[in-house]
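In my numbering, the protein residues as written are 35 to 645.
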């Protein structure tokens with residue numbers, strides 16, 4: 035009988051393919067088919083076969099329509115077929131259709147079983163459509179209807195809690211399952227381990243692993259792989275390696291995925307020699323190294339500027355019949371751009387296109403950045419236009435690169451045009467874009483425009499960051515507009531930002547320029563009280579301020595204090611002192627400072643400079 039049903043499904047698929055664009059009545063077609071089967075096939079089975087064929091062919095809307103028709107004519111579709119259709123909708127993230135189908139089942143049957151509820155739990159705990167209120171509702175409904183969740187249901191719910199940023203709640207929930215003797219398995223523990231790794235709480239993830247062992251479950255490959263990856267991502271490669279050794283000692287053979295985490299961790303730390311040694315050791319042991327493993331090492335070499343090492347691995351990868359992908363090409367292109375070898379980067383970009391590998395938006399951003407760093411803005415725009423041929427739409431990061439390059443060249447009008455083009459494309463400027471433009475305006479001493487853009491930014495709901503405030507404070511201080519600078523300084527603190535040494539130094543410099551040494555010293559002391567150590571620039575601002583007021587004793591005392599802290603005076607420091615002594619007519623002291631400066635290998639014409 036089952037063989038006949040398989041044959042019927044094959045026949046139905048052929049008939050459906052033929053009649054897809056026709057106007058034939060499905061009911062009539064299936065009724066005829068049932069009649070021809072001489073009683074071997076019921077109308078319900080025929081409809082079920084059609085629904086299954088449509089679902090498996092990803093024709094989900096058609097499958098849902100046939101399901102609804104079957105119910106309209108009074109057929110009682112079973113739960114397994116319903117679950118198949120529901121699962122297909124969830125896997126395709128067809129949320130509305132899945133909800134519609136589930137609601138129909140609640141109203142008119144058949145009654146959902148544990149698998150139905152678990153499928154819906156999966157829908158509500160997916161990261162892109164996470165809704166823990168709905169997930170909680172599923173558990174409550176199951177309890178109300180007397181349907182007991184299984185380990186998969188609970189594991190899926192735990193995954194949702196972790197995805198919502200609540201690994202602690204997930205851990206408590208898991209402990210409650212264990213205390214009450216409810217079903218749980220490795221997947222439940224692995225979900226909590228992953229949740230704590232996502233949260234950066236690796237010590238808690240390890241405790242979950244220990245609890246897993248204590249309750250009689252054996253950690254599997256996924257348990258260890260998650261932990262190895264988590265430790266490597268925060269630079270604890272040695273701990274990651276210890277876990278890998280423990281994994282092997284427990285009879286679990288690591289996959290290339292686990293080793294790739296170690297490769298990545300070592301590469302991020304710049305330990306390329308160790309990464310390569312591990313790579314070679316695995317290769318010699320017969321481990322199947324894949325394209326990802328090669329790509330990680332190539333990327334590591336490129337990021338650390340060793341293009342020879344990267345290219346050697348590239349050649350080995352190709353010789354081993356691995357075809358370089360977009361990630362591999364992008365790494366090599368990035369490496370060349372970083373070393374300001376734009377021609378070689380473009381050569382590899384052309385090779386990439388000729389090899390049939392389409393660039394990503396990241397690849398194109400690297401190239402645009404390469405052009406901008408060489409001040410080839412026209413070429414960058416030309417490349418931007420060519421991107422459309424590859425179907426690549428510029429993202430906000432690419433626009434940041436171009437706007438930043440234009441601002442550095444002082445071409446604010448052009449930068450503003452690009453900003454307008456970006457917003458017309460529907461891209462919403464973030465705090466980085468606004469800050470780049472504000473900083474460009476500040477550097478061109480266009481403070482009114484910078485202030486207007488700052489207010490527009492706030493109006494658009496984009497919160498300034500510490501860099502935004504630092505740029506504005508620095509600009510207004512250098513222009514002698516202390517009241518505005520102080521207003522930004524106080525606003526910055528009021529918004530919860532802690533001024534750093536650069537901000538304090540800018541404010542101190544501003545007060546020194548205005549000869550308000552009392553305020554300058556007050557800020558200097560506050561800076562030290564807040565645990566920020568002054569640098570040579572901070573001291574030089576104060577020294578220059580006192581020299582301009584001919585208070586040379588305080589100026590020299592500050593220089594002595596600075597040198598006791600291990601800071602070396604620079605040309606500006608010495609020049610301020612020489613100029614101060616000259617202003618007082620003390621040429622002997624001025625010459626003495628000049629000789630000390632020359633002894634330090636610093637040349638200056640301060641002695642010949644007429645104040």
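Ideal Cβ placement from N, Cα and C applies to all residues, glycine included.
#1: List the whole-angstrom C-beta distance separating residue 607 from residue 562, where the pair is believed to meet the contact cut-off of C-beta under 8 Å.
#2: Does DSSP classify residue 305 as helix, strand or coil?
#3: What ranges does the beta strand (DSSP E) occupy inside the stretch 195-255, keeping only unbroken runs of at least 3 residues that lie completely in it?
#4: Taking Cβ to Cβ, would you say residue 407 is nearer than 8 Å to residue 445?
#5: Near residue 627, what residues of its chain come up, given a Cβ to Cβ distance below 8 Å and the 5 sequence neighbours on each side ignored?
#6: For residue 439, which option in 419, 470, 462, 522 has the closest C-alpha, if you only look at C-alpha atoms?
#7: I'd like the ranges of any alpha helix (DSSP H) spanning at least 4 consecutive residues and lying wholly in the stretch 578-626.
#8: Quick one: what does DSSP say residue 498 is sitting in, helix, strand or coil?
#9: Can you find the residues in the same chain that come closer than 6 Å, C-beta to C-beta, to residue 82, ignoring five residues on each side of it along the sequence?
#10: Could you tell me the boundaries of the alpha helix (DSSP H) in which residue 517 lies?
#11: Answer with buried or exposed for residue 37, where buried requires no fewer than 16 other C-beta atoms within 10 angstroms of its C-beta.
#12: Hey, out of 496, 393, 431, 479, whose CA is closest to residue 505's CA?
#13: Could you pull out every residue in the same chain whose Cβ sits closer than 6 Å to the Cβ of residue 196, ignoring the five residues on either side in sequence?
#14: Would you report the Cα separation of residue 294 and residue 262, rounded to the nearest angstrom?
#15: Within this structure, are the beta carbons of residue 587 and residue 551 separated by less than 8 Å?
#16: Taking contact to mean 3 or more Cβ pairs, one atom from each stretch, closer than 8 Å, check whether the stretch 322-333 and the stretch 350-358 are in contact.
#17: Just to confirm, are residue 260 and residue 301 a CB contact at a threshold of 8 Å?
#18: Under 8 Å Cβ to Cβ from residue 378, same chain only, skipping five residues before and after it: list those, please.
#19: May I have the straight-line CA-CA distance separating residue 272 from residue 243, to the nearest angstrom?
#20: Determine the DSSP secondary structure at residue 140, reduced to helix, strand or coil.
#21: Kindly give me the distance between the Cβ atoms of residue 163 and residue 129, rounded to whole angstroms, as I take these residues to be in contact under 8 Å.
#22: Which term fits residue 475, buried or exposed, when burial requires 16 or more other beta carbons within 10 angstroms of its beta carbon?
#23: Using a Cβ-Cβ cut-off of 6 Å (strictly less than) and excluding sequence neighbours within five positions of residue 473, which residues of its own chain qualify?
#24: Rounded to whole angstroms, what's the CA-CA distance from residue 451 to residue 529? Just pull it up for me.
#25: Using DSSP with H/G/I as helix, E/B as strand and the rest coil, what is residue 192?
#26: One question on the structure: do residue 326 and residue 364 come within less than 8 Å of each other, judged by their Cβ atoms?
#27: Which value, in whole angstroms, describes the spacing of the CA atoms of residue 597 and residue 503?
#28: Are the beta-carbon atoms of residue 491 and residue 519 separated by less than 8 Å?
#29: How long is the line joining the alpha carbons of residue 544 and residue 465, rounded to whole angstroms?
#30: By DSSP, does residue 159 sit in helix, in strand, or in coil?
#31: Using a Cβ-Cβ cutoff of less than 7 Å, which residues in the same chain neighbour residue 581 once the five nearest sequence positions on both sides are dropped?
#32: Quick one: what does DSSP say residue 420 is sitting in, helix, strand or coil?
#33: If you draw a straight line from the alpha carbon of residue 462 to that of residue 381, how long is it in whole angstroms?
#34: Buried or exposed, going by whether 16 or more other CB atoms sit within 10 Å of the CB of residue 351?
Let's see:
#1: Not really, about 19 Å apart at Cβ, beyond 8 Å.
#2: DSSP places residue 305 in coil when its eight states are reduced to three.
#3: If only uninterrupted beta strand (DSSP E) runs of at least 3 residues are considered, none is enclosed by the stretch 195-255.
#4: Going by C-beta atoms, residue 407 is not nearer than 8 Å to residue 445.
#5: For residue 627, same chain residues with a beta-carbon under 8 Å away, outside a window of 5 residues either side, are 608, 611, 612, 615 in chain order.
#6: Considering only alpha carbons, the answer is 470.
#7: Runs found: 586-598, 605-618.
#8: Secondary structure at residue 498: coil, using DSSP grouped into helix, strand and coil.
#9: Excluding sequence neighbours, residue 82 sits near 115.
#10: Note, residue 517: alpha helix (DSSP H), 516-528.
#11: Model confidence at residue 37 stands at a pLDDT of 49, short of 50, so the residue's coordinates are unreliable; what they give is reported in the following sentence. Residue 37 counts as exposed, since fewer than 16 other beta carbons sit within 10 angstroms of its beta carbon.
#12: Comparing Cα positions, the closest option is 479.
#13: For residue 196, the CB contacts under 6 Å within the same chain, skipping 5 residues up- and downstream, are 204, 225, 229 in chain order.
#14: Here the alpha carbon of residue 294 sits roughly 10 Å from the alpha carbon of residue 262.
#15: Taking 8 Å as the cut-off, the Cβ atoms of residue 587 and residue 551 do not count as close.
#16: Segments in contact, yes.
#17: Contact flag unset, no.
#18: Counting only residues of its own chain and dropping the five nearest sequence neighbours on each side, residue 378 has a CB closer than 8 Å to the CB of 370.
#19: Note on geometry: alpha-carbon atoms of residue 272 and residue 243 lie some 18 Å from one another.
#20: Reduced to three states, the DSSP call for residue 140 is helix.
#21: The C-beta distance from residue 163 to residue 129 rounds to 6 Å, short enough to meet the 8 Å contact threshold.
#22: Buried, by the Cβ-count rule.
#23: Hits under 6 Å: 505.
#24: Roughly 31 Å between the two C-alpha positions.
#25: Looking at residue 192 - three-state DSSP - the assignment turns out to be helix.
#26: No; because the gap between Cβ atoms is not below 8 Å, this pair is not in contact.
#27: C-alpha of residue 597 to C-alpha of residue 503: approximately 31 Å in a straight line.
#28: The answer is no: Cβ separation not under 8 Å.
#29: Each residue's Cα considered, the two are about 26 Å apart.
#30: Of the three classes helix, strand and coil, the one that applies to residue 159 here is coil, per DSSP.
#31: Result list for residue 581: 589, 610, 611, 613, 614, in chain order.
#32: Here DSSP, grouped into helix, strand and coil, assigns residue 420 to helix.
#33: Approximately 34 Å, taken between the alpha carbons.
#34: Buried, by the Cβ-count rule.
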